[in-house]
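Colleague: According to numbering that gives the first Met the number 0, the sequence shown holds residues 0 to 658 in order.
Positions of the beta carbon are idealized from the N, C-alpha and C atoms, including for glycine.
I'd like to ask some things about the structure below.
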Amino acid sequence: MSSVSASQSLSRTLFRFLGSMNLAITLLVAVAIAAIIGTVLKQNQPYVDYVLKFGPFWFEIFKALDLYDVYSSSWFLTILTFLVISTSVCVYRNTPHMLRDMRNFHEHAHQAALQRLAHHAQWQSGQPLQYSIDYVSALLRHKHYKTKQLDTKDGLLIAAKKGAGSRLGYIFTHVAIIVICIGGLLDGNVPLKIAQLRGDIAVETRRIPASEVPEQSTLPADNLSFRANIDITEGKAANIAFIDFKDGYLVQKLPFTIHVDDFRIEHYESGQPKSFESDLAIIDKDLGEPVRRTISVNHPFSYKGYTIYQNSFGDGGSQLKLALNPLTGADSKVQDIEATVKGSYPIRTAAGEQSLEIVDFRPFNVNPDPTGAKKFRNIGPSFQFKLRKADGTAHEYLNYMQPIEQDGARFYLSGMRRSPAEPFQYWFIPADAEKRPDRFLNFLAVLNNPDRLNKIALATAQSTENSKSLPAAEQQKVAEFMIAISRQFIEGGNERISAQIEKSVPEAQRQQVAELYATVLHQFLRNIYLSVLEQEGMDITQSASDFDMHFFENAVNALDVAYQYDSPVLITLNSFKHIEATGLQITRSPGQWLVFPGCLLLAVGVFFMFYLPQRRLWVIIRPGGEKSSLTLAGSALRNRYDFDREFELIRQDLTQKLI
């Protein structure tokens, strides 16, 4: 018997704990904190984005806490489950009592108890008993009270009440919380997490074609809930989507095929996207004809419980014609290559075999001015790519097709970064009179050609006032000195020359030596530049134009930082055929059909609770010969200030009419 009694006592304690206000408030606070985290921290992004943003240490901590997918995390779903149980217990325990209270007039109240209420009054009435009863009943009904009369030992009791709907508000709000939480559980990928824990599914981390993704990383079409994305090229179709999950993705099969008939983007005058929309055809074996719909941002299409959103747009495999211009080595031959966005191509450079990976292409770029000016400009088409070495390391580049104007000159922009965590650092390459980088590349080609460099260096030494009278052997040494300085300049800029001077020249002579090096280098580079102009057919015996000399200054500045570019080739875009792709988000959320009604029920419940407060009045009329005594008492659960005024008005009315 004692064990049974202890078991029952434990059950009652647990039952009371689950239905306690403290537990409910704690769970609601936890849900609120989770909602804040889910709002501040962008959810369901690739793990690499979080690593770049937070660093490896905090990334691992946040990952362990499941903060990258809060609403589907195990701890959040556990909180929702306990909140459903706790709220259900509250409803189970309190609803019968509240329903009884709504029907009950509390007509068995005694005069002594009523006199202890905060709102009460007593007076003698000179009116007939029946008149007092009728007037009190009429006044209370006029104030929208329901009344009930009962003879008691204290006299005739008129019990009145209104605002019983506030009790319904309590029930509605609690039921709404249950409904909303159940909807959240339905959309929280609970089956997916269970399947992962059981080992039934495995996250795919490799970037491989969808057809090669194993079955263990593929979800069936009848998956209860999901949020997936897919990019579909114009004129193409897909019957799968991709779910970003943990550090990889899963393939979600669809019970129908989505065909993109057309994709359109409308632009502002500046070139920025104004709106974009897709013409879709839903091909379903259960239908005779495809279902055709046009979707746009904030105007999705729902079909068979699946909702298709216009989420983004991107490149669908644009075809690019590129030129690979050597930046190092004696071979200055340009390689032409035809590439497709998202494709990978082996190339041969002076640095050895490398892989060219085309990442993205944009036909227009309305961006903050890369020069630092506080304005926006459309700087034309651009393409993003990686050059991957044989050891697997890669640098990422962002090149623009058209030159931009700065300080009266035009420059080609080529951005480079060593990791996605870094911003692009731009190399400004001067454009020639034809708005091409050809003159600069020819200038650089001469600097990389030992034979031509030696010939120009020797000619420079023979024409220099201080060395033209020297023997041929000495002139050759001067030429070799020029070549060595130019090589240091190409490999490390002025910074490397300065470092070499500090290393090998006494401090007292450094300034003098630095000026000598600068003079020799400038004269040598100028003669190389003149040879390039002569190669173009110009008469170098005539004075160079302002444009040509300004170009030379910009070219030297570009060479000064060329070593930072760290690429054996400059890849330029000659032409392109733009192919667009629409980015769609496909969701299946059965829980939304519970969340929406739950929110409506919550709003109704809150309205009932705050705007239909429960109020009760009692009037005891005790006959006493020609006069009778009246006792008025009242109570209210909320809005005490309003009830104070109402009670006082009723008291004044009754006092004036029944004295």
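To which residues of the same chain is G125 closer than 7 Å at the C-beta, ignoring the five residues directly before and after it?
Modeller: The residues are K626 and I658.
Colleague: Could you name the residues of the same chain whose beta carbon sits closer than 7 Å to that of L446, not counting the 5 residues immediately before and after it, in chain order?
Modeller: Cβ within range, chain order: L452, S485, I489 and I527.
Colleague: If you run the structure through DSSP and keep just helix, strand and coil, what is F363?
Modeller: The answer is coil: DSSP assigns F363 none of H, G, I, E or B.
Colleague: When the distance is taken between beta carbons, is E352 closer than 8 Å to I578?
Modeller: No; because the gap between Cβ atoms is not below 8 Å, this pair is not in contact.
Colleague: Give a yes or no on whether the C-beta atoms belonging to A340 and S317 are separated by under 8 Å.
Modeller: The residue you asked about is not Ala; residue 340 is Val in the sequence shown. Closer than 8 Å, so yes.
Colleague: Tell me which residue opens and which closes the alpha helix (DSSP H) that Q461 is part of.
Modeller: Element bounds for Q461: P449 to S462.
Colleague: Please list the segments of the beta strand (DSSP E) lying wholly inside the region 10 to 37, counting only runs of 3 or more residues, in order along the chain.
Modeller: Entirely contained in the region 10 to 37, not one beta strand (DSSP E) run reaches 3 residues.
Colleague: My guess is that F439 and I428 are in contact by the Cβ rule of under 8 Å, so how many angstroms apart are they, rounded?
Modeller: Contact holds; Cβ gap of about 6 Å.
Colleague: Let's test the definition: count the other Cβ atoms within 10 Å of the Cβ of T348 and tell me whether it reaches 16, buried, or not, exposed.
Modeller: That one is buried.
Colleague: What number of angstroms, rounded off, separates the C-alpha of R435 from the C-alpha of L412?
Modeller: Cα-Cα distance, rounded: 12 Å.
Colleague: Starting from E337, follow the beta strand (DSSP E) in both directions and report where the run begins and ends.
Modeller: Segment Q334 to T339, the beta strand (DSSP E) holding E337.
Colleague: What residues match up with M415 in a beta bridge as DSSP calls it?
Modeller: The partner list for M415 (beta bridge, DSSP) reads Y396 and Q424.
Colleague: If you measure between the beta carbons of T86 and I176, is that distance less than 8 Å?
Modeller: Yes.
Colleague: Less than 8 Å between the CB atoms is what I'm expecting for Y248 and E203, so what's the real figure, rounded?
Modeller: Between E203 and Y248 the Cβ distance is about 6 Å, and since that is below 8 Å, they are a contact.
Colleague: Can you tell me which residues form a DSSP beta bridge with Q148?
Modeller: Beta-bridge pairing links Q148 to I157.
Colleague: In the structure shown, what three-state DSSP assignment does P272 receive?
Modeller: In the structure shown, P272 sits in a strand (DSSP, three-state: E or B).
Colleague: So is T630 buried or exposed if we call it buried at 16+ other beta carbons inside 10 Å?
Modeller: The residue is buried, with at least 16 neighbouring Cβ atoms inside 10 Å.
Colleague: With distances taken between CB atoms, is the gap from I252 to A220 smaller than 8 Å?
Modeller: The sequence given here has Lys at residue 252, not Ile. The answer is yes: Cβ separation under 8 Å.
Colleague: Alpha carbon to alpha carbon, how far is N573 from S497? Give it in angstroms, no decimals.
Modeller: Approximately 38 Å between the Cα atoms of the pair.
Colleague: State whether the region 142 to 162 contacts the region 545 to 565, with contact taken as three or more CB pairs (one from each stretch) at a distance under 8 Å.
Modeller: The region 142 to 162 vs the region 545 to 565: no contact.
Colleague: Check each candidate in L529, R615, A322 and Q123 and name the one with the smallest Cα separation from S542.
Modeller: Of the candidates L529, R615, A322 and Q123, the one whose C-alpha sits nearest the C-alpha of S542 is L529.
Colleague: For H521, which of helix, strand or coil comes out of DSSP?
Modeller: In the structure shown, H521 sits in a helix (DSSP, three-state: H, G or I).
Colleague: What residue from R263, E106 and A31 has the CA that sits closest to C180's CA?
Modeller: Of the listed residues, the one whose Cα sits closest to C180 is A31.
Colleague: Check whether the Cβ of W426 lies closer than 7 Å to any heavy atom of the ligand SAH, and answer yes or no.
Modeller: Within the structure as shown, the ligand SAH is missing, as the structure has no ligands at all.
Colleague: Determine the closest residue to K161 out of L648, K656 and G633, with distance taken between C-alpha atoms.
Modeller: Nearest of L648, K656 and G633 to K161, Cα basis: G633.
Colleague: Express the C-alpha separation of D230 and R376 in angstroms, rounding to a whole number.
Modeller: If you take the alpha carbons of R376 and D230, they lie about 28 Å apart.
Colleague: Looking at the structure shown, is L469 part of a helix, part of a strand, or coil, going by DSSP?
Modeller: Reduced to three states, the DSSP call for L469 is coil.
Colleague: Starting from the Cα of I660, find the closest Cα among A240, L184 and D150 and give me that residue.
Modeller: The requested residue 660 is not part of the displayed model; the chain covers only 0 to 658.
Colleague: Measuring alpha carbon to alpha carbon, tell me which of L13, G304, I649 and A227 ends up nearest W592.
Modeller: Closest by alpha carbon: G304.
Colleague: From D359 to G582, what distance separates their C-alpha atoms?
Modeller: Rounded to the nearest angstrom, the two C-alpha atoms are 14 Å apart.
Colleague: Under 6 Å Cβ to Cβ from S331, same chain only, skipping five residues before and after it: list those, please.
Modeller: Counting only Cβ-Cβ distances below 6 Å, and skipping sequence neighbours, we find P325 and A444.
Colleague: Helix, strand or coil, according to DSSP, for Y305 in the structure here?
Modeller: Correct three-state label for Y305: strand.
Colleague: With H, G and I counted as helix, E and B as strand and the rest as coil, what does DSSP make of I619?
Modeller: DSSP places I619 in strand when its eight states are reduced to three.
Colleague: Measuring CA to CA, which of D450, S503 and R409 is closest to A557?
Modeller: Selected option, being the one with the closest Cα: R409.
Colleague: Can you tell me which residues form a DSSP beta bridge with A280?
Modeller: The partner list for A280 (beta bridge, DSSP) reads H258 and R291.
Colleague: Out of R226, T25 and S354, point me to the one whose CA is closest to P345's CA.
Modeller: Among R226, T25 and S354, the Cα nearest to that of P345 belongs to S354.
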